[in-house]
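Visitor: Everything in the sequence shown is counted per our numbering, starting at 784 for the first residue and increasing by one.
I am attaching a structure below and will ask some questions about it afterwards.
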Amino acid sequence: MHFIVCIKQVPNTTNVQLDPTTNTLKREGVESIINPFDEYAIEEAVRLKERTGGKTTVITMGPPQAENILREALARGIDNAILVSDRAFAGADTWATAYTLATAIKKIGDYSLILTGKQATDGDTAQVGPGVAEMLDIPHVAYVRKIEEITTNTIRVERMMEDGYDIIEMPLPSLISVVKEINKPRLPSLKGMMASKKAIITKWTAQDIGADTSKIGLTGSPTQVMKVFTPVARGGGEKLEGSPEEIAQKLIGKLKGLI
């Protein structure tokens, strides 16, 4: 079996800022790390390999420095790593990113299961994982908290819901987006870190994966950030006092006055 993990490099800060000129994330001077939610996907892929055999591959779309997070994934037990990097990918929205990753996965060829974190901490959209599945035309389940059973043909998972969980079975190949409740990520071993430093990272450009240039990067993105601004702070306001019944009547009166 072949388990593929899609990961992303994100800023190591909660203070994410946008460049007002380019309307893209400011990354200069900010340490980059593996998207925290992706660590659970990496760990689950390694556990699946230990449980069923096979191999694991981690893939990311990003700048050349994204190679660092791929090496960390290798140190955590992943077998192979692929960096999809090209200036043409810059400015991609979630649709263009999903297209690029799906196209790269098609080049990889045979796979059993694709794993992603539930979302990225810099965008918080949770769209790329399901988008990849749709473009590959394979089943997918989000918010997976447990893999109950996996065979060469099917997988049965628990999907976390607000009031409990669903049990879903689907055929392979398929894609799952996992939540942090699924496992506890291991730390990189010393042996793993030493091996990861010497590992060869496969690097693909847009031409290497045969991407349609009209569907990648900023020009291929259906959604674009046109303006970034800080909302003007509101002042004034009026506080209504009295019993709940009195406040309700005052509020109704003011609302009627606006009609």
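For every residue, glycine included, the Cβ atom is placed at its ideal position computed from N, Cα and C.
Just so we're clear, the structure is a prediction, and the values are computed from it rather than from any experiment.
How about residue 856 and residue 790: are their beta carbons less than 8 Å apart?
Guide: Yes, Cβ-Cβ distance for residue 856 and residue 790 is below 8 Å.
Visitor: Between residue 911 and residue 820, what straight-line distance do the alpha-carbon atoms span, to the nearest angstrom?
Guide: 13 Å
Visitor: For residue 1009, which three-state DSSP category applies?
Guide: Coil, per DSSP.
Visitor: Cα separation between residue 933 and residue 952?
Guide: Spanning the two alpha carbons is a distance of roughly 9 Å.
Visitor: Between the beta-carbon of residue 961 and the beta-carbon of residue 823, is there less than 8 Å?
Guide: yes
Visitor: Could you give the first and the last residue of the continuous beta strand (DSSP E) run that contains residue 949?
Guide: For residue 949, the uninterrupted beta strand (DSSP E) run begins and ends at 947 to 954, by DSSP.
Visitor: Return the CA-CA distance between residue 906 and residue 1030, expressed in angstroms with no decimal places.
Guide: If you take the alpha carbons of residue 906 and residue 1030, they lie about 40 Å apart.
Visitor: If you check the beta carbons only, do residue 971 and residue 859 fall under 8 Å apart?
Guide: yes
Visitor: If you compare alpha carbons, which of 844, 884, 849 is closest to residue 958?
Guide: Nearest C-alpha to residue 958: 884.
Visitor: List the residues that DSSP assigns as beta-bridge partners of residue 786.
Guide: 839, 896
Visitor: Of the residues 864, 795, 966, 868, which one's Cα is nearest the Cα of residue 987?
Guide: Per the Cα distances, 868.
Visitor: Secondary structure at residue 967, three-state DSSP: helix, strand or coil?
Guide: coil
Visitor: Going by the beta-carbon positions, is the gap between residue 924 and residue 931 smaller than 8 Å?
Guide: no
Visitor: Would you mind reading off the limits of the beta strand (DSSP E) that contains residue 980?
Guide: No beta strand (DSSP E) contains residue 980, which is instead part of the alpha helix (DSSP H) from 973 to 981.
Visitor: Taking only the alpha-carbon atoms, compute the straight-line gap between residue 929 and residue 876 and give it to the nearest angstrom.
Guide: 29 Å
Visitor: To which residues of the same chain is residue 1071 closer than 8 Å at the C-beta, ignoring the five residues directly before and after it?
Guide: Not covered by the structure: residue 1071. The range shown for the chain is 784 to 1042.
Visitor: Three-state secondary structure (DSSP) at residue 997?
Guide: It is helical.
Visitor: By the DSSP assignment, the alpha helix (DSSP H) with residue 817 in it spans what residues?
Guide: It is not in any alpha helix (DSSP H) - residue 817 instead sits in the beta strand (DSSP E) that spans 815 to 817.
Visitor: For the structure I just gave you, are there three or more beta carbon pairs, one from the segment 879 to 897 and one from the segment 1000 to 1007, closer than 8 Å?
Guide: yes
Visitor: In the DSSP assignment, what are the bridge partners of residue 960?
Guide: 899
Visitor: Looking at the secondary structure, which residues open and close the alpha helix (DSSP H) in which residue 911 lies?
Guide: Per DSSP, residue 911 belongs to the alpha helix (DSSP H) from 911 to 919.
Visitor: Going by the beta-carbon positions, is the gap between residue 982 and residue 864 smaller than 8 Å?
Guide: yes
Visitor: Taking its Cβ as the centre, do 16 or more other Cβ atoms sit within 10 Å of residue 1011, making it buried, or is it exposed?
Guide: exposed
Visitor: Name the one or two DSSP bridge partners that residue 939 has.
Guide: Residue 939 is bridged to 932, 952.
Visitor: Is the separation between the beta-carbon of residue 834 and that of residue 966 shorter than 8 Å?
Guide: no
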